[in-house]
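Below: the structure, in structure tokens.
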Amino acid sequence: MNAPVFSVPDTIGAAARGLPARGGVGLKPEHFREILATAPDIGFFEIHAENYMVDGGPFHHYLGRIRERYPLSIHGVGLSIGGESPLDADHLDRLAMLLARYQPESFSEHLAWASHGDVFLNDLLPVPYHAGTLARVCDHIDQVQDRLRRRMLLENPATYVEFAASTMAETEFIAEVVRRTGCGLLLDVNNVHVACVNHHRDPYAYIDALPAEAVGQIHLAGFAQDVDAAGEPLLIDSHGAPVAQAVWDLYRHALARVGPVATLIERDNDIPALPVLLAEAHQAERLMGEALAPSIARGFPCGACA
Amino acid sequence: MRGMRVSDQRIFADALLTGRPSCPPGLTAWNGSDPERRFAIYRSNVIVSLIDALADTFPVTQQLVGEEFFRAMARLFVQEHPPRSRILAFYGEGLANFIEAFAPAAAVPYLADVARLEMLRVSAYHAADAMPLTAEAISRLLADVAVLPEARIGLHPSLAVLRSGHAVVSLWAAHQAADAAQALAAVDPEAAETALVLRAGLDVEISRIPDGAAAFIEQMRQGAAFGDAAEQASAADPAFDLAATLGLLMRGGAITTMTIPRSATS
């Protein structure tokens with residue numbers, strides 16, 4: 188059931204090619220001019236879809252020029268795939284228009300809900316994991332992939348609470364969504380770290396439990412620290428700090444399982460100068476290179492045989 | 028059955044926005060700690076991110092009343108008027124009306140109009156693109172006095188006019204100055220002003236225009252013929268200067284089309 192419907196060829200090859208296995212950064216208006224003036228060596232840029240759902244002006248002016256020079260990831264934050272409400276057909280149409288205009292190499296959204304009825308809450312809210320929510324999330328992803336005529340990547344969430352109603356582990360839920368819908372995964376390694384600290388789980392086992400072959404992109408970000416009512420650490424996915432060492436370590440583990448894959452440095456608050464973000468993206472590329480090195484070494488004997 | 032209950036996400040959303048209940052039922056934590064503390068992270072994310080979105084749109088409004096007052100007011104606005112759109116750039120569209128009815132802000136009678144101006148500025152920034160007519164094309168039409176009175180002028184989608192009983196442009200401009208306090212001291216907030224908001228290229232410009240120019244622009248926007256619009260503008264403002272108004276619009280690239288109805292050319 189739920190045979191992938193996005194096998195219709197893309198009108199151009201960007202989506203089929205996918206993002207390069209390189210580091211990328213979020214595109215911020217404060218960096219528009221600098222990017223065009225300095226042409227930094229970076230694998231790709233990512234935008235939040237909703238920020239560009241405007242008629243014209245500087246956002247489209249700069250994005251058009253930057254997209255001509257770099258691969259692009261479009262990342263939605265407002266589709267509310269985990270919502271009880273039906274998907275917003277108008278919003279899906281706007282997304283389809285945006286994707287048609289910029290032909291991004293990748294489109295991703297979240298395993299979360301963000302709106303209820305006609306109220307938009309502007310946050311990625313948690314979903315209980317059971318048969319009912321599984322069916323609903325899969326149905327929504329089928330609709331998205333049908334409408335956009337492409338495979339989407341689904342991002343694992345950073346959560347602060349769990350639900351008594353849940354009957355499945357988050358990894359089990361995500362793996363089943365991938366199996367049923369054919370969607371890919373956006374593995375947010377910071378979210379894995381945050382959620383696993385918050386729920387006292389093993390982040391390495393979490394990554395091992397996901398279908399590695401489905402991972403089409405990785406996100407890295409910084410978090411803020413708080414404590415829960417019992418004084419235990421509670422991490423907040425703030426996107427307002429550099430990537431933490433624990434997240435780099437976990438990223439190494441993810442690379443060993445997944446192989447080199449497009450990796451975004453996400454920064455939405457306290458945005459630093461562009462070179463600071465580029466340096467983090469280049470750090471991700473160095474770790475990709477290290478992850479690749481052993482397999483190249485393994486390949487040498489064969490090469491020598493030839 | 029699950030489907031028969033009041034929607035779980037409805038309860039969750041109400042708890043986020045109103046604090047009633049303070050924490051939705053059915054939440055757990057691995058260590059058995061009170062989930063309300065954990066749930067509060069979501070409430071903070073929702074409310075603070077929306078207040079931040081408003082602060083981005085209304086920097087001068089915020090400066091006029093101070094950050095603490097602005098954020099407290101914005102919090103009430105968020106709770107009473109949560110976004111109905113996923114596109115947050117325009118979320119502040121209801122804030123000026125809210126300010127007008129917000130008693131604690133009554134001591135700053137021009138606050139609502141400054142907020143209106145700032146919202147128009149954001150709308151102009153994101154408005155559709157349109158190529159201005161060249162000066163040559165405009166001059167050619169202006170010279171064709173036989174049909175000019177029947178001409179319709181199309182204006183740039185970013186263009187907006189705001190009439191205020193307060194010195195809305197001067198107040199806004201004073202906050203762009205290096206020494207805002209000194210610039211502000213020179214402004215009489217009770218002097219009525221009319222603002223023209225227009226994106227020229229990539230930059231939104233805010234300027235003060237005479238009433239006659241505002242009347243002419245409003246007539247044009249409503250599709251009035253050039254001759255009628257000029258007449259109405261003169262009636263509204265005896266000092267109306269047609270040439271100066273056209274010069275202002277041409278310099279800002281605001282004239283995007285000029286058409287002569289078929290009936291006028293036959």
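First to last, the protein sequences are chains A and B. Its first residue numbered 188, the first sequence is counted upward by one per residue in my numbering. Its first residue numbered 28, the second sequence is counted upward by one per residue in my numbering. Glycine included, every Cβ here is placed at the ideal spot set by N, Cα and C. Here the structure is a predicted model, which is why all the values come from computation and not from measurement.
One thing to note: I165 of chain B has its Cβ no nearer than 8 Å to the Cβ of M247 of chain B. In terms of Cα proximity to N72 of chain B, the closest of B:E217, B:A56 and B:A40 is B:A40.
In this structure, the alpha-carbon of A236 of chain A lies about 14 Å from that of D455 of chain A. Per the C-alpha coordinates, the member of A:E467, A:P398 and A:L341 positioned closest to L311 of chain A is A:L341. DSSP places W57 of chain B in the coil class of the three-state scheme, outside both helix and strand.
Shown here, I229 of chain A sits in coil according to DSSP, grouped into three states, outside any helix or strand. Look at the stretch 317-358 of chain A and you find these whole runs of beta strand (DSSP E), each 3 residues long or longer: 340-342. Taken through DSSP and simplified to helix, strand or coil, Q246 of chain B comes out as helix. Relative to G280 of chain B, the option among B:T84, B:F66 and B:L186 whose CA is nearest is B:L186. Taking every protein chain shown into account, the CB of G46 of chain B has fewer than 16 other CB atoms within 10 angstroms, so this residue is exposed. In the displayed model, S260 of chain A falls within a strand according to three-state DSSP.
Out of A:V379, A:T320, A:I458 and A:A411, the CA that lies nearest to the CA of Y438 of chain A is found in A:V379. According to the DSSP assignment, S166 of chain B belongs to the alpha helix (DSSP H) that extends over A162 to A170.
Within chain A, the residues D242, G243, G244, H247 and H248 have their CB atoms less than 9 Å from the CB of D156 of chain B, given in chain order. The DSSP-derived three-state label of V314 of chain A is coil.
Taking 8 Å as the cut-off, the beta carbon of H278 of chain A is found closer than this to the beta carbon of G265 of chain A.
At a cut-off of 8 Å, the C-beta of E359 of chain A has no neighbouring C-beta in chain B.
Interface residue (Cβ-Cβ distance to chain A less than 8 Å): F129 of chain B is not classified as such. Where Q203 of chain B is concerned, there is no enclosing beta strand (DSSP E), because DSSP gives it neither an H nor an E. A straight line joining the alpha-carbon of D61 of chain B with that of E357 of chain A spans about 22 Å. Using beta-carbon distances, F243 of chain B does not count as an interface residue toward chain A, since no partner is under 8 Å. In this chain, the alpha helix (DSSP H) harbouring R37 of chain B covers D35 to T45.
In the structure shown, the three-state DSSP call for M284 of chain A is helix. At least 8 Å separates the beta-carbon of D305 of chain A from that of N343 of chain A. Cβ neighbours of S267 of chain A within its own chain (closer than 6 Å, five residues either side excluded): W300, A301 and S302. Using a Cβ-Cβ distance cut-off of 8 Å, the stretch 220-229 of chain B and the stretch 255-262 of chain B are not in contact, since fewer than three pairs of beta carbons, one from each stretch, lie closer than that value. A contact between stretches requires three or more CB pairs, one per stretch, nearer than 8 Å, and the stretch 274-294 of chain A fails this requirement with the stretch 84-92 of chain B. Setting aside the 5 residues that flank it on each side, H108 of chain B is surrounded in the same chain by G121, each with a C-beta closer than 6 Å to its C-beta; the list follows chain order.
A Cβ-Cβ distance of about 4 Å is found for the pair F219 of chain A and Y249 of chain A, placing them in contact under the 8 Å criterion. Where A301 of chain A is concerned, there is no enclosing alpha helix (DSSP H), although the beta strand (DSSP E) around it starts and stops at W300 to H303. Three or more pairs of CB atoms, one per stretch, sit closer than 8 Å, so the stretch 233-242 of chain B contacts the stretch 264-279 of chain B. In this chain, F129 of chain B is not harboured by any alpha helix (DSSP H), its DSSP state being neither H nor E. For D83 of chain B, there are no C-beta contacts with chain A under 8 Å, since the nearest C-beta of that chain is about 11 Å from it. For H303 of chain A, the chain B residues whose C-beta falls within less than 8 Å of its own C-beta are S34, Q36, R37, F39 and A40, listed in chain order. Under DSSP, A187 of chain B shares a beta bridge with B:V224. About 16 Å separates the Cβ atoms of I229 of chain A and G205 of chain A, ruling out a contact at the 8 Å cut-off.
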